[in-house]
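Participant: Going by our numbering, the sequence shown opens with residue 317, and the numbers climb by one from there. Each residue gets a CB set at the ideal place from its N, CA and C atoms; glycine is no exception. Bear in mind the structure is a predicted one, so any value in this text is a computation, not a measurement.
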Amino acid sequence: MCGIVGYVGNRDPKFILYEGLKKLEYRGYDSAGIALLQEGEIRIKRCEGKLDQLKAALEDPHFYGTPLDETYVGIGHTRWATHGRPSEKNAHPHQAGSIALVHNGIIENYSELRQALEKKGHVLHSDTDSEVVAVCIFDFISQGHSLERSVFLAVQELLGSFSLGVISQKDPQTLIAVRNGTPLILGVGVQENFIASDVPALLPYTKNFIYLEDEEMVIVQKNRCVVKNFKGKEIQKQIKKINWTPEMIDKGGYQHYMLKEIHEQPQAIIQTIQDRVSKDRDTLYLKDLTLSENDLRKIRKIFLVACGTAYYASMEGKYLLEKMTKIPCEVDVASEFRYRDPLIGKEDLLIVTSQSGETADTLAALREAKKRGARTLAICNVKESSIDREADSTIYTYAGPEIGVASTKAFTAQLTVFNLLAIHIGLVLGRLPKEKAKVYIQDLVRLPITVEEVLKQEKEIQKIAQKFYRKKTFLYLGRGTSYPIALEGALKLKEISYMNAEGYAAGEMKHGPIALVDEDTPVIILAPKDEHYDKVISNLEEIKAREGIVIAIGCEGDTKLSKLSDYFISVPQRSENVMPILLTIPVQLIAYTIALKKGTDIDQPRNLAKSVTVE
Ligand code: F6R
Numbered sequence: 317m318c319g320i321v322g323y324v325g326n327r328d329p330k331f332i333l334y335e336g337l338k339k340l341e342y343r344g345y346d347s348a349g350i351a352l353l354q355e356g357e358i359r360i361k362r363c364e365g366k367l368d369q370l371k372a373a374l375e376d377p378h379f380y381g382t383p384l385d386e387t388y389v390g391i392g393h394t395r396w397a398t399h400g401r402p403s404e405k406n407a408h409p410h411q412a413g414s415i416a417l418v419h420n421g422i423i424e425n426y427s428e429l430r431q432a433l434e435k436k437g438h439v440l441h442s443d444t445d446s447e448v449v450a451v452c453i454f455d456f457i458s459q460g461h462s463l464e465r466s467v468f469l470a471v472q473e474l475l476g477s478f479s480l481g482v483i484s485q486k487d488p489q490t491l492i493a494v495r496n497g498t499p500l501i502l503g504v505g506v507q508e509n510f511i512a513s514d515v516p517a518l519l520p521y522t523k524n525f526i527y528l529e530d531e532e533m534v535i536v537q538k539n540r541c542v543v544k545n546f547k548g549k550e551i552q553k554q555i556k557k558i559n560w561t562p563e564m565i566d567k568g569g570y571q572h573y574m575l576k577e578i579h580e581q582p583q584a585i586i587q588t589i590q591d592r593v594s595k596d597r598d599t600l601y602l603k604d605l606t607l608s609e610n611d612l613r614k615i616r617k618i619f620l621v622a623c624g625t626a627y628y629a630s631m632e633g634k635y636l637l638e639k640m641t642k643i644p645c646e647v648d649v650a651s652e653f654r655y656r657d658p659l660i661g662k663e664d665l666l667i668v669t670s671q672s673g674e675t676a677d678t679l680a681a682l683r684e685a686k687k688r689g690a691r692t693l694a695i696c697n698v699k700e701s702s703i704d705r706e707a708d709s710t711i712y713t714y715a716g717p718e719i720g721v722a723s724t725k726a727f728t729a730q731l732t733v734f735n736l737l738a739i740h741i742g743l744v745l746g747r748l749p750k751e752k753a754k755v756y757i758q759d760l761v762r763l764p765i766t767v768e769e770v771l772k773q774e775k776e777i778q779k780i781a782q783k784f785y786r787k788k789t790f791l792y793l794g795r796g797t798s799y800p801i802a803l804e805g806a807l808k809l810k811e812i813s814y815m816n817a818e819g820y821a822a823g824e825m826k827h828g829p830i831a832l833v834d835e836d837t838p839v840i841i842l843a844p845k846d847e848h849y850d851k852v853i854s855n856l857e858e859i860k861a862r863e864g865i866v867i868a869i870g871c872e873g874d875t876k877l878s879k880l881s882d883y884f885i886s887v888p889q890r891s892e893n894v895m896p897i898l899l900t901i902p903v904q905l906i907a908y909t910i911a912l913k914k915g916t917d918i919d920q921p922r923n924l925a926k927s928v929t930v931e
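Encoded structure:
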């Protein structure tokens with residue numbers, strides 16, 4: 317979704333803003349722009365397309381910031397179109413009279429506001445909801461209000477979600493930022509302060525951050541920041557230090573972030589497990605889980621809610637939790653859960669899973685469940701994100717920053733956390749035999765090395781995958797815990813290669829998808845040696861009987877599977893709990909290889925956004 321960066325300080329912000337926007341590219345965008353104050357006037361450069369185009373525009377020697385009393389201000393934006401197609405006129409910043417504004421979110425009452433402003437004689441130039449906000453603020457300024465007061469009055473009129481950054485010719489040493497429903501953070505520097513949609517934009521400049529809450533606005537100046545709520549009351553905020561480094565958000569020599577992040581999975585799993593496993597590997601320490609044994613005993617049902625890849629991780633979570641804790645689980649996509657009047661109450665636990673911690677539907681589902689009295693737990697990768705802050709407790713996936721739009725290491729880290737959680741609760745409730753738990757924990761501890769072993773087969777997997785980049789349709793099939801991986805494999809391929817791929821429970825094949833199978837259809841079959849193995853083999857035979865091309869992913873040494881399939885990719889055989897993680901690596905590499913061969917924009921696929929902060 318849209319990315320915002322803003323600056324007030326003692327340096328020309330032109331390239332600080334540009335570099336900040338570069339770090340937010342992963343959010344997905346289709347146009348970009350920057351506004352500065354030059355000799356007391358607002359100057360804007362914006363364009364449709366990628367940041368390279370904006371960079372070319374910024375090279376204009378006549379476009380630069382000038383200070384007033386050694387203070388520069390500027391705002392920048394990457395736009396992910398919601399209202400109005402991607403174009404220069406719809407790109408941000410939007411200027412209205414003496415102010416310029418950037419916006420992330422959706423203004424639900426923009427058309428009423430637009431009509432009212434036009435009636436007053438204002439002329440709007442774009443098709444966006446964002447320009448309406450700029451004009452609304454300017455309207456208050458025209459009535460004689462200060463910049464701060466005008467922003468304050470304007471936000472009272474807005475319905476929907478919005479983060480804003482506003483600069484003004486009349487107040488050239490101030491930037492006003494607003495957060496309501498979409499993320500915005502404040503970076504605190506020395507003689508300079510920043511705003512951004514996310515931490516990576518500001519890591520080269522500061523490690524000190526203030527996390528804004530909804531309905532807060534901040535008056536940002538070079539040497540101070542004053543945060544107020546929407547009632548005008550000043551709020552004291554804590555500065556938090558972050559331990560991410562700029563190197564963590566580099567490509568580290570890989571061609572794409574996605575490939576780097578696929579290779580970072582062993583490390584992500586190590587970080588997620590370490591300090592949570594006892595020395596003799598029979599106990600887990602989940603300090604972040606604030607539910608006591610008594611609380612856990614009282615849980616009637618667990619609801620697992622998330623979006624996209626995190627939803628597939630939640631499907632795995634259901635298998636694991638039901639098996640080990642015997643607590644009934646229900647899984648839902650957040651956009652359905654939040655609107656379906658869910659039967660959740662105070663005897664239930666909601667587990668939301670989110671890499672970013674900012675997904676609008678997941679956040680709304682969390683709020684809905686809290687409203688109904690449920691206990692809430694988040695599995696999340698980003699500390700201090702909205703979901704982290706609002707859930708009763710959070711178990712972190714320590715995957716490090718995930719920049720590639722297609723989620724990889726966050727997914728396997730989520731599966732790792734579900735393993736830890738299910739084993740832990742199973743042990744606490746005495747529903748998982750200790751000996752069994754020890755085997756599971758042992759396999760989790762060995763998991764990073766096992767994942768490394770799968771990654772070593774990268775070349776062979778690539779050789780197989782690249783044969784299929786011209787195919788039209790792919791099927792992914794699996795049963796039991798392999799079913800969510802079939803869904804995830806299909807989603808990965810769809811997202812980054814724009815090819816049609818469908819994931820199915822293999823048992824559903826006869827109820828429709830088999831009609832797609834012919835000699836031109838690659839079918840990726842996940843067939844680990846588990847209790848479903850024989851049934852999956854029957855499905856494989858049915859596909860072969862219809863001349864489908866079978867790429868099987870199964871356990872090392874499975875000669876039967878290898879013989880029956882056209883192509884065979886093997887992973888080490890481990891306990892059923894970690895098999896989904898091992899099967900994930902080949903499906904990620906298959907999607908990556910096919911997209912690479914097709915030449916798509918792997919890290920920022922068209923139309924997609926990393927952090928979906930609007931519903
Ligand atoms: C797929 C992908 C998305 C996200 C989904 C939820 O590769 O990345 O499907 O999984 O948008 O995002 P988070 O986990 O940030 O809530």
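Roughly how many angstroms separate the alpha carbons of V903 and N735, rounded to a whole number?
Facilitator: As a working mapping, residue 903 is identified with position 587 in the sequence shown. As a working mapping, residue 735 is identified with position 419 in the sequence shown. Straight-line Cα distance between these residues: approximately 20 Å.
Participant: If you draw a straight line from the alpha carbon of A412 to that of Y334, how long is it in whole angstroms?
Facilitator: Locating residue 412 in the sequence shown gives position 96, where the first residue counts as 1. Locating residue 334 in the sequence shown gives position 18, where the first residue counts as 1. Rounded to whole angstroms, A412 to Y334 spans 22 Å at the Cα level.
Participant: Helix, strand or coil for C623 per DSSP?
Facilitator: One-based indexing of the sequence shown puts residue 623 at position 307. If DSSP states are grouped into helix, strand and coil, C623 belongs with coil.
Participant: Compute the minimum distance between the beta carbon of V928 and the heavy atoms of ligand 1, and state whether it is under 6 Å.
Facilitator: Counting from one through the sequence shown, the residue named residue 928 turns up at place 612. True, at least one ligand heavy atom lies under 6 Å from that Cβ.
Participant: Which first and last residues belong to the beta strand (DSSP E) in which T789 is found?
Facilitator: Your numbering for residue 789 matches position 473 in the sequence shown. Its beta strand (DSSP E) spans residues 789-794.
Participant: For V698, does the three-state DSSP call read helix, strand or coil?
Facilitator: The residue you call residue 698 lines up with position 382 of the sequence shown. DSSP places V698 in coil when its eight states are reduced to three.
Participant: Following a CB-centred definition, is S670 positioned closer than 6 Å to any heavy atom of ligand 1?
Facilitator: Start at 1 with the first residue of the sequence shown, and residue 670 comes out as number 354. Under cutoff, so the answer is yes.
Participant: Kindly confirm or deny that the segment 715-722 and the segment 590-598 touch, where touching means at least three C-beta pairs closer than 8 Å.
Facilitator: The answer is no - the segment 590-598 does not touch the segment 715-722, with fewer than three Cβ pairs under 8 Å.
Participant: Under the criterion of a Cβ to heavy atom distance below 6 Å, does A626 qualify as lining ligand 1?
Facilitator: What you label residue 626 is simply residue 310 of the sequence shown in a count that begins at 1. It does: the Cβ of A626 is within 6 Å (strictly closer) of some heavy atom of ligand 1.
Participant: Among the residues of its own chain, which have a CB less than 7 Å from the CB of E768, if the five just before and after it don't count?
Facilitator: In the sequence shown, the residue the question calls residue 768 occupies position 452. The residues are P582.
Participant: Using DSSP with H/G/I as helix, E/B as strand and the rest coil, what is V471?
Facilitator: Reading the sequence shown from its first residue, position 155 is the one you call residue 471. Here V471 sits in helix by DSSP.
Participant: Name the DSSP beta bridge partners of A348, please?
Facilitator: Position 32 of the sequence shown, counting from 1, holds the residue named residue 348. DSSP, once it has assigned bridges, lists C363, T394 as partnering A348.
Participant: Less than 6 Å separating the Cβ of S630 from some heavy atom of ligand 2?
Facilitator: Ligands displayed in this structure: ligand 1; ligand 2 is not among them.
Participant: Is the segment 913-927 touching the segment 861-879, taking contact as three or more C-beta pairs under 8 Å?
Facilitator: They do not touch, by the three-pair rule.
Participant: For D759, name the three-state secondary structure that DSSP assigns.
Facilitator: To locate residue 759, count along the sequence shown from 1; it is residue 443. DSSP places D759 in helix when its eight states are reduced to three.
Participant: Among P383, R654, V833, whose alpha-carbon lies nearest the alpha-carbon of E863?
Facilitator: Looking up residue 863 in the sequence shown gives position 547. The shortest C-alpha separation from E863 is found at V833.
Participant: Could you spell out where the alpha helix (DSSP H) holding C871 opens and where it closes?
Facilitator: Taking the sequence shown and counting its residues from 1, one reaches residue 871 at position 555. From DSSP, C871 is part of no alpha helix (DSSP H) but of the beta strand (DSSP E) over 865-871.
Participant: Would the segment 674-687 and the segment 616-627 be scored as touching if the rule is three or more Cβ pairs under 8 Å?
Facilitator: Contact between the segment 674-687 and the segment 616-627 is present, because at least three Cβ pairs lie under 8 Å.
Participant: Measuring only the C-alpha atoms, how far is I423 from D443?
Facilitator: As a working note, residue 423 is residue 107 in the sequence shown. As a working note, residue 443 is residue 127 in the sequence shown. C-alpha separation (whole angstroms): 13 Å.
Participant: Which of the three DSSP states, helix, strand or coil, is assigned to L607?
Facilitator: Locating residue 607 in the sequence shown gives position 291, counting from the first residue. Here L607 sits in coil by DSSP.
Participant: Would the beta-carbon of V722 be found less than 6 Å away from any heavy atom of ligand 1?
Facilitator: On the sequence shown, residue 722 is found 406 positions in, with the first residue counted as 1. First, the amino acid is wrong: residue 722 is Ala here, not Val. Yes, since a heavy atom of ligand 1 falls inside the 6 Å radius drawn around the Cβ of A722.
Participant: DSSP three-state label for Q507, please.
Facilitator: As a first step, residue 507 is located in the sequence shown; it is residue number 191 there, counting from the start. Residue state, collapsed to three classes: coil.
Participant: Give me the Cα-Cα distance between N406 and G400, rounded to the nearest whole angstrom.
Facilitator: Mapped onto the sequence shown, residue 406 falls at position 90. Mapped onto the sequence shown, residue 400 falls at position 84. Approximately 7 Å between the Cα atoms of the pair.
Participant: Measuring CB to CB, does E297 end up less than 7 Å from H410?
Facilitator: Residue 297 lies beyond the range of the chain shown here (317 to 931); nothing can be said about it.
Participant: Please classify K547 as buried or exposed, where buried requires at least 16 other C-beta atoms within 10 Å of its C-beta.
Facilitator: Taking the first residue of the sequence shown as position 1, residue 547 is located at position 231. So K547 ends up on the exposed side.
Participant: Measure the Cβ-Cβ separation of D513 and I320 and say whether it is below 7 Å.
Facilitator: Working through the sequence shown from its first residue, we reach residue 513 at position 197. Working through the sequence shown from its first residue, we reach residue 320 at position 4. First, the amino acid is wrong: residue 513 is Ser here, not Asp. Their beta carbons are under 7 Å apart, which means S513 touches I320 by this criterion.
Participant: For the 8 Å Cβ check, are there 3 or more pairs between the segment 492-506 and the segment 515-532?
Facilitator: Enough Cβ pairs lie closer than 8 Å, so yes.
Participant: If I measure Cβ to Cβ from L475 and keep anything under 6 Å in the same chain, skipping five residues before and after, which residues do I get?
Facilitator: Reading the sequence shown from its first residue, position 159 is the one you call residue 475. Counting only Cβ-Cβ distances below 6 Å, and skipping sequence neighbours, we find E424, N425.
Participant: Mind checking who Q411 pairs with in its DSSP beta bridge?
Facilitator: Taking the first residue of the sequence shown as 1, we reach residue 411 at position 95. Q411 is bridged to A416.
Participant: Looking only at C-alpha atoms, which of Y388, Y792, I853 sits nearest to V536?
Facilitator: To locate residue 536, count along the sequence shown from 1; it is residue 220. Per the Cα distances, Y388.
Participant: Note down, in chain order, each residue of its chain lying with its Cβ closer than 6 Å to the Cβ of F454, except the 5 sequence neighbours on either side.
Facilitator: As a first step, residue 454 must be located in the sequence shown, where it is residue number 138. So the qualifying residues of the chain are A412, G413, I415.
Participant: Could you give the DSSP three-state label for V389: helix, strand or coil?
Facilitator: Start at 1 with the first residue of the sequence shown, and residue 389 comes out as number 73. Here V389 sits in strand by DSSP.
Participant: For I801, I'd like the list of residues in its chain whose CB is within less than 6 Å of its CB, leaving aside the five on either flank, ordered along the chain.
Facilitator: By 1-based counting over the sequence shown, the position of residue 801 is 485. Closer than 6 Å at the Cβ level, and outside the excluded window around I801, lie G794, L842, P896, L899, T900.
Participant: In the DSSP assignment, the beta strand (DSSP E) including R495 goes from what residue to what residue?
Facilitator: Counting from 1 along the sequence shown, the entry for residue 495 is found at position 179. 487-496 is the extent of the beta strand (DSSP E) around R495.
Participant: Mapping the DSSP letters down to three states, classify L575 as helix, strand or coil.
Facilitator: By 1-based counting over the sequence shown, the position of residue 575 is 259. In this structure, L575 counts as helix in the three-state DSSP scheme.
Participant: Our contact map puts S651 next to I703 with C-beta atoms below 8 Å; I'd like the distance itself, whole angstroms only.
Facilitator: Along the sequence shown, one-based indexing puts residue 651 at 335. Along the sequence shown, one-based indexing puts residue 703 at 387. At roughly 15 Å, the Cβ-Cβ gap does not stay under 8 Å, so S651 and I703 are not in contact.
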